[in-house]
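Note sheet for the following structure.
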Amino acid sequence: MQDILYGFTAALSLTNLIASVLSVIVGIAVGSLPGLSAAMGVALLIPITFGMPPETALIALAGVYVGAMFGGSISAILLHTPGTSSAAATAIDGYPMTLKGEAGKAIAAASWASFIGGIISAVALYTLSPLLAKLALQFGPTEYFWLSIFGLTIIAGVSSKSMLKGLISGALGLVLSTIGMDPMLGTQRFIFGSNSLLDGLPFTATLIGLFSMSQVLMLAEKKIKERREAEEVEDNISLTKDELKRILPITAWSGIIGTVSGILPGAGGTIASFIGYNEAKRFTRPEYKDKFGTGIIEGVAGPESANNAVTGGSLIPTLTLGIPGNSVTAILLGGLIIQGLRPGPDLFTAHGKITYTFFAGFVVVNIFMLILGQLGVKYFAKIGNISDSILIPVIFTLSVIGSYSIANNMTDVWVMFIFGLVGYMVNKLELNSAAIVLALILGPIGEQGLRRTLIMNKGNVFSLFNSVISLVLIAISVLSLLTPFIMGRIDKRKE
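So, in structure tokens, the structure goes:
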């Protein structure tokens with residue numbers, strides 16, 4: 004309890020409040036720009052947070068994440084072009100509201116729903132994280148090996164259009180994770196004569212290359228887009244008491260759905276938002292059911308609450324077990340490691356003050372997201388009009404500066420360029436960047452767990468199946484691999 008109270012006190016310090024406001028502004032701006040993503044925004048921010056106190060850095064990263072999730076709804080509503088993939092469901096009713104002259108109402112509904120969904124996920128963050136952290140105390144080398152296998156299978160299996168391509172992405176990440184020093188023997192592996200790679204691939208430069216420089220290449224290969232003007236927000240950005248009552252039960256239920264989706268690695272905001280839209284349609288008042296798709300606030304509130312609840316939900320397995328829920332939390336996990344923090348029980352004991360300051364900061368950034376969403380929408384709408392001809396050089400410059408600034412090493416810049424090309428090819432081949440990043444993180448954990456288990460048990464392979472936790476992790480890993488096949492069969496039967 005003391006750490007929780009300390010966390011709120013620290014989160015309300017001037018430094019952390021400034022970090023919260025600025026990061027949310029950056030996040031909303033990134034989310035408002037069609038084609039850019041929350042992952043790209045967080046990846047570019049990591050070098051800037053390197054010199055910050057750990058709690059301030061984590062709050063800033065969370066602010067970009069939360070802001071970008073909401074920001075995607077602005078362009079979805081005003082331009083009919085979702086800023087992020089998770090805002091696609093919001094456009095179904097959001098843009099028709101704009102055409103009816105109710106853009107302000109739509110954005111008000113989106114901001115309130117996003118806030119409610121975020122707060123629901125924050126409650127889960129406070130209540131479920133310590134329980135999972137206690138469970139992690141029972142993990143030994145064997146359990147960590149199977150945990151890494153589970154993380155790889157569920158990300159590769161669920162978040163990729165093709166299971167084969169997802170597994171290929173995970174395998175590529177595992178190969179890349181072997182670069183550097185052997186963790187058990189200390190021998191060199193695949194460093195190609197570069198001492199800069201003895202510690203493995205520079206994580207920040209790799210992330211920036213995969214998520215930011217690859218985006219530059221994707222934008223550059225297309226005809227430069229001069230984005231069409233967003234519709235003007237001319238009506239009041241406010242909801243009546245009756246409208247708030249209409250959306251409150253929908254946002255609460257969708258927030259719970261989004262939180263659960265976030266906890267399940269690989270489900271993501273896009274899936275959650277469409278489930279939220281469907282649930283809004285199911286649970287809305289009978290007189291409004293036939294109006295979905297024609298411009299109705301329930302159709303905006305459902306998906307927005309769900310996709311913003313994913314933010315807190317996805318942080319739970321990330322912080323407690325080291326299993327990122329999506330590509331953004333995979334990058335945020337990298338930021339955590341750069342700050343010298345490791346996911347697991349220590350975050351809630353030895354580093355409890357930092358962790359609970361981060362949790363309180365997560366609540367604060369959601370509050371600022373609501374305030375900025377209500378007050379600054381007209382300005383953020385104009386950001387959505389920025390041409391690719393401006394975005395390309397800006398992102399390119401930030402990518403180079405960010406890669407160099409961590410270690411002042413040009414090798415990191417070259418690694419960033421190489422992984423920019425890798426990320427470009429990954430996008431072209433419809434592979435999964437998130438699975439690659441996850442494998443980079445989990446590869447060493449799985450390798451060490453496997454080798455330590457075999458050394459401790461004198462090479463007895465059956466020792467990998469001795470604990471109940473290991474058997475449970477094996478079972479859910481198999482289930483996660485079978486899920487795409489099962490869902491595919493269900494879809495075919497529906498068709």
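Residue numbers (this note's numbering): 4 to 498. From the three backbone atoms N, C-alpha and C, an ideal C-beta is built for every residue, glycine too.
Identify whether residue i lies in helix, strand or coil by the three-state DSSP scheme.
i	result
Gly-75	helix
Gln-141	coil
Gln-342	coil
Ile-183	The question names Ile, yet the displayed sequence has Gly at residue 183. Gly-183: strand per DSSP, three-state reduction.
Arg-288	coil
Val-161	In this predicted model, Val-161 has a pLDDT of only 49, less than 50, meaning its place in the structure is not dependable; the value taken from the coordinates is given anyway. Here Val-161 sits in helix by DSSP.
Let me make sure I understand the geometry here. Which of the options has the alpha-carbon closest to that of residue i?
i	options	result
Leu-213	Asp-245, Leu-375, Leu-135 and Val-429	Val-429
Ser-326	Phe-73, Pro-37, Ala-90 and Leu-135	Looking at the sequence shown, residue 326 is not Ser but Ile. With distances taken between Cα atoms, Ile-326 lies closest to Leu-135.
Ser-40	Ala-32, Leu-64, Thr-87 and Phe-365	Thr-87
Gly-66	Gly-347, Thr-332 and Ser-390	Thr-332
Phe-371	His-83, Ser-76 and Val-29	Val-29
Thr-352	Lys-137, Ser-330 and Pro-50	Lys-137
Asn-281	Leu-61, Ile-253, Ile-472 and Glu-290	Ile-253
Val-471	Gln-141, Ile-439, Gly-272 and Met-55	Gln-141
Pro-396	Phe-488, Ser-76 and Met-221	Met-221
Thr-502	Gly-298, Gly-316, Leu-25 and Phe-118	Any question about residue 502 goes unanswered here, given that the chain covers just 4 to 498.
Ile-266	Thr-243, Lys-292, Pro-289 and Leu-324	Leu-324
Ile-250	Ser-199, Thr-273, Glu-290 and Val-303	Val-303
Gly-176	Lys-431, Ser-406 and Asn-435	Asn-435
Ala-13	Trp-417, Lys-431 and Phe-362	Phe-362
Ala-410	Leu-200, Leu-378 and Glu-246	Leu-200
Pro-348	Ala-139, Gly-54 and Ala-90	Ala-139
Leu-476	Ser-264, Phe-153 and Ile-49	Phe-153
Leu-15	Val-366, Ile-398, Ser-264 and Tyr-427	Val-366
Met-100	Ala-275, Ile-404 and Ile-80	Ile-80
Ser-197	Ser-117, Ile-182 and Leu-17	Ile-182
Arg-288	Leu-167, Lys-431 and Lys-248	Lys-248
Return the chain-ordered list of same chain residues with a C-beta closer than 7 Å to the C-beta of residue i, the five sequence neighbours on each side being excluded.
i	result
Ser-241	Ala-111
Thr-456	Pro-144, Thr-145, Phe-148, Ser-466 and Leu-467
Asp-1	Outside the shown range of the chain, which is 4 to 498, sits residue 1, and nothing can be said about it.
Leu-375	Val-27, Ile-28 and Ile-31
Ile-3	Past the boundaries of the shown model lies residue 3; the chain is included only from 4 to 498, so the question cannot be answered.
Phe-11	Ala-363
Phe-399	Val-219
Thr-18	Thr-59
Gly-44	Val-29, Gly-30, Val-33, Val-67 and Ala-71
For the alpha helix (DSSP H) holding residue i, just list the boundary residues, first then last.
i	result
Pro-306	300 to 324
Thr-18	17 to 35
Ile-51	41 to 52
Phe-420	413 to 431
Thr-87	Note, Thr-87: premise wrong, no alpha helix (DSSP H); not H, not E.
Ser-436	436 to 459
Glu-246	244 to 266
Phe-295	No alpha helix (DSSP H) contains Phe-295, which DSSP labels as neither H nor E.
Ile-95	93 to 102
Phe-371	355 to 378
Ala-13	5 to 14
Ile-404	391 to 408
Val-219	217 to 223
Phe-206	206 to 211
Excluding the five sequence neighbours on either side, which residues of its own chain have a C-beta within less than 8 Å of the C-beta of residue i, listed in chain order?
i	result
Ser-402	Leu-47, Ile-211, Gly-212, Ser-215, Met-216, Val-219, Met-419 and Gly-423
Phe-206	Gly-337, Ile-340, Ile-341 and Leu-443
Ser-165	Glu-433
Leu-474	Phe-468
Ser-480	Trp-149, Ile-152, Phe-153, Thr-156 and Ile-157
Among residues of its own chain, excluding the 5 on either side of residue i, which ones have a beta-carbon nearer than 6 Å to its beta-carbon?
i	result
Lys-284	Phe-295
Gly-120	Gly-258, Gly-261, Ser-308, Asn-311 and Ala-312
Val-368	Ser-23, Val-27, Ala-65, Gly-66 and Val-69
Ile-448	Tyr-147 and Ser-151
Leu-453	Phe-148
Ser-406	Ala-208, Ile-211, Asp-415, Val-416 and Met-419
Val-178	none
Please check the pair residue i and residue j, which I expect to be a contact at CB under 8 Å, by giving their CB distance rounded to whole angstroms.
i	j	result
Ser-114	Leu-373	5 Å
Ala-127	Ile-278	About 17 Å separates the two Cβ atoms, so there is no contact after all.
Ile-123	Phe-73	That belief does not hold up - the Cβ atoms of Ile-123 and Phe-73 are roughly 15 Å apart, past 8 Å.
Thr-59	Pro-306	No, Thr-59 and Pro-306 are not in contact; Cβ-Cβ is about 31 Å, not under 8 Å.
Ala-91	Ser-276	7 Å
Ser-89	Gly-272	3 Å
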